[in-house]
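Numbering (this note's numbering), first residue to last: 851 to 1694.
Reading through the structure tokens given below for one structure.
Here it is as structure tokens:
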């Protein structure tokens, strides 16, 4: 269907040729309106025959304006708006077919054709001009979602051509991706994976690379990968071109080393592993990708398995392709991938192969990333191990996405900085305990917000990562040096004070609220903006107080109180005028009047995440009152109630073009920590992401469509994604929300333990260590127990009181061995007390 595209279009540059293992064929992009081929191209039985390269006539034409197709495009022109185009024809010459029955498999998309309808549609299968049968094509979720349908047809002898044609009685109005003919009972052919700068044919996208590199390497589910930095080419292995089923995971659960495992038709078990390492050759730093194809033979016969590497891969060994029964043979390769932005020559083949083998570089890579992760709060033991792996791998991805000091949001999209993204990424980095390069990163952030006006909430929240940094380190000198001092370029390198005072200047909205912005990619008086500004003022007041800047602290306090009053008054009026019990997306209108009218547009929860105030304002001791506090639980109930069963539980939705889910899903649950009924929402929402929406191992698109059941990768994975995958900002919000759900530190010294722990985790061990507290302190927390008994042990420094706040404690504490418990379920341990046993009234 010729509808406008939403989001960025993937570019397909090279593909693995079906039936030619390991050979990469050029695939030019097909433009809409391509003229029909002079003759019908060949379509062999047992292969995938792309529609866009067939002979097209009767109105059928090739297009690329939707995603998710295989090959270099798809075919549309079969009708729209209840008007099928009779005679639209996609045709191939049949080869390798004797007279007899064959299964015709067609991959297609069938969504709203422009008249609001959704129905199964039909198309005819023809040999020459003789109709052989009818394909019935059920609806798909969107024009970016694809499905397959089959019909058994009887091909006559010397059938000549086979076609998919819109006949007189067909409803048509579908898009066609490919046809595959197979003998009854034979495996149905599947298309080869194509790895591009955006990802693979199934919207799959993983990431390997090095911290601070310029062009990280996008990896696809079959172990192929796409090189940038001027190379703009895919590399991979013919043996892995098109597995029918595969697994794809991080080595050791978290490393940026991605392993694809599958079985070959003759029974061999193959694993392709790709990772990147930093190498120094001739005085220059490079990133090189190392790949290993491991072939294990579990059969009783000797097998021959050729990895069939692409031409750009350099062999690091020369092992035979024959594999004896019970044996494993490995084949190692290397290729240059990135030059850290330098204009230097690539290392020669001899230099790369002389720089060491696969195992040596794997050990170096692992050692480096383990060292970088060591500075973080450690999730040593959780009842759900996948959360630990997602936390660790996600943090590594944010460092690979970073270009030098530029905190970019992604690699295969959004390969640049955005003010509110970078602020969130950096605040998470400090909150998790990594303060390396802190001053340089904060000043790079200063340059960014001084020169990028697109998202002004980033300007208003600039003081927040500074405040987190000061709270965690106590480094007054660095903060004081930039508190009210601009950079050499003046206002384009604003001081912390400049950005705080900008908040006052930008209060030009009705009733003294913040001005109209585009901060959720649509113009409006968005609720997130007022809470972003309040978060910025609360952070600035904290900084001024710590620095002894009394006048600025008093000014910030006055501005905070005034803006909070204006915000509360405006929201109270909007909610009363429209009989709302929930927090609206807009300060001045109900959700029905803006983009939040769509139940699955996740921006219904945007004030809870991007505004930061409800939870992070609380951590910084801000005075809090009003709808954004009292309406937390009703807003979650409203949003999930509207979504109903249309999405999995704990799924907040996505964004236009991919409304199934988002990378921010766990982050949206963070405000639940400040409420009562949804305190474990971040953990539950993170688990939903892991279960349903990974587009690479612990890699998520900013927004994603519903899962594609055709994926070779075992599990539930989206059919389409927008933005980037992995999406560094989304992952950072998930990781901060996860840690805060377990352990969080307030600036007044209170350590909050277990506030977002699900009831189902009681009786299972939880241990979190190396958690940053205040002024350089670190603590470890262990939660245990069984039955009605729950124990807590805290060791370390940098905190005063401990508030043990499991949701299961609410109205359910019978006795405590130390401190005291209130009716809300908070067990308070005074300073110096580091162990308690809590006895529950009843098990949960």
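The C-beta atom is built at its ideal place from N, Cα and C for all residues, glycine as well.
Considering only C-alpha positions, which residue in the set 1031, 1075 and 1247 is nearest to residue 1140? 1075
Contact the region 1045-1053 vs the region 961-968: 3+ CB pairs below 8 Å: no
Taking contact to mean at least 3 C-beta pairs separated by less than 8 Å, is the region 994-1003 in contact with the region 928-947? no
Other residues of its chain near residue 1215: CB distance less than 6 Å, five sequence neighbours each side excluded: 1125 and 1127
Helix, strand or coil for residue 1410, going by three-state DSSP, please let me know. helix
Nearest to residue 1512 by alpha carbon, out of 1148, 959 and 1544? 1544
What is the rounded straight-line gap between the Cα of residue 1388 and the Cα of residue 1189? 42 Å
Whole-angstrom Cβ separation of residue 1283 and residue 1620, contact assumed at under 8 Å? 6 Å
To the nearest whole angstrom, what separates the beta carbons of residue 846 and residue 926, a pair I think is in contact under 8 Å? This structure gives no information on residue 846, because the portion of the chain shown stretches from 851 to 1694.
Just to confirm the assignment, what range does the beta strand (DSSP E) spanning residue 1031 have? 1025-1032
Cβ shell of residue 854 (< 6 Å), same chain only, five flanking positions each side left out: With a pLDDT of 29 at residue 854, under the threshold of 50, the predicted position of this residue should be treated as unreliable, though the coordinate-derived value follows. Within the same chain, residue 854 has no close Cβ partners at all.
Classify residue 1008: buried if its beta carbon has 16 or more other beta carbons within 10 angstroms, exposed otherwise. exposed
Would you kindly check if the distance between the Cβ of residue 1180 and the Cβ of residue 1168 is under 8 Å? no
Whose C-alpha, out of 937, 1020 and 1246, is nearest the C-alpha of residue 1578? 1246
Pairwise C-alpha distance: residue 1334 and residue 1507: 43 Å
Kindly give me the distance between the Cβ atoms of residue 999 and residue 958, rounded to whole angstroms, as I take these residues to be in contact under 8 Å. 7 Å
Residue closest to residue 1480, alpha-carbon to alpha-carbon, out of 1430, 1107, 918 and 1249: 1430
Of all the alpha helix (DSSP H) runs that stay within the bounds of the region 919-993, which reach a length of 4 or more residues? none
Could you give the uninterrupted runs of the alpha helix (DSSP H) lying entirely in the region 1109-1180, keeping only those of 4 residues or more? none
Is the region 1354-1364 close to the region 1265-1285, with three or more CB pairs under 8 Å? no
Classify residue 1585 as helix, strand or coil using the three-state DSSP reduction. helix
On the criterion of 16 or more Cβ atoms from any shown chain inside 10 Å, does residue 1343 qualify as buried, or is it exposed? buried
I'd like to check one pair, residue 1522 with residue 1482: are the Cβ atoms closer than 8 Å? yes
Residue 1417 beta carbon less than 8 Å from that of residue 1476: yes
If I follow the unbroken beta strand (DSSP E) through residue 1635, where does it start and stop? 1628-1636
Exposed unless 16 or more other CB atoms sit within 10 angstroms - verdict on residue 1184: buried
Of the residues 1646, 1292, 1613 and 1624, the one placed nearest residue 1658, counting alpha carbons only: 1613
Is residue 1563 helix, strand or coil by DSSP? strand
How would you call residue 1447, buried or exposed, if buried means at least 16 neighbouring beta carbons within 10 angstroms? exposed
Kindly indicate which residue of 1097, 1375, 1461 and 1027 has the alpha-carbon position closest to the one of residue 1437. 1375
Selection from 1027, 907 and 906 that minimises the alpha carbon distance to residue 1695: The first residue shown for the chain is 851 and the last is 1694, placing residue 1695 beyond what the model contains.
By Cβ distance below 8 Å, which residues in the same chain neighbour residue 1683 in space, the five residues on each side in sequence not counted? 1652, 1668 and 1669
For residue 1211, count neighbouring C-beta atoms within 10 Å of its own C-beta (all shown protein chains included) and say buried if the count is 16 or more, exposed if not. buried
Name the residue from 937, 933 and 931 whose alpha carbon lies nearest to the alpha carbon of residue 906. 937
In the DSSP assignment, find the alpha helix (DSSP H) that holds residue 911 and state where it starts and stops. First-last for residue 911: 911-913, but that is the beta strand (DSSP E), not the alpha helix (DSSP H).
Mind checking who residue 1451 pairs with in its DSSP beta bridge? 1504
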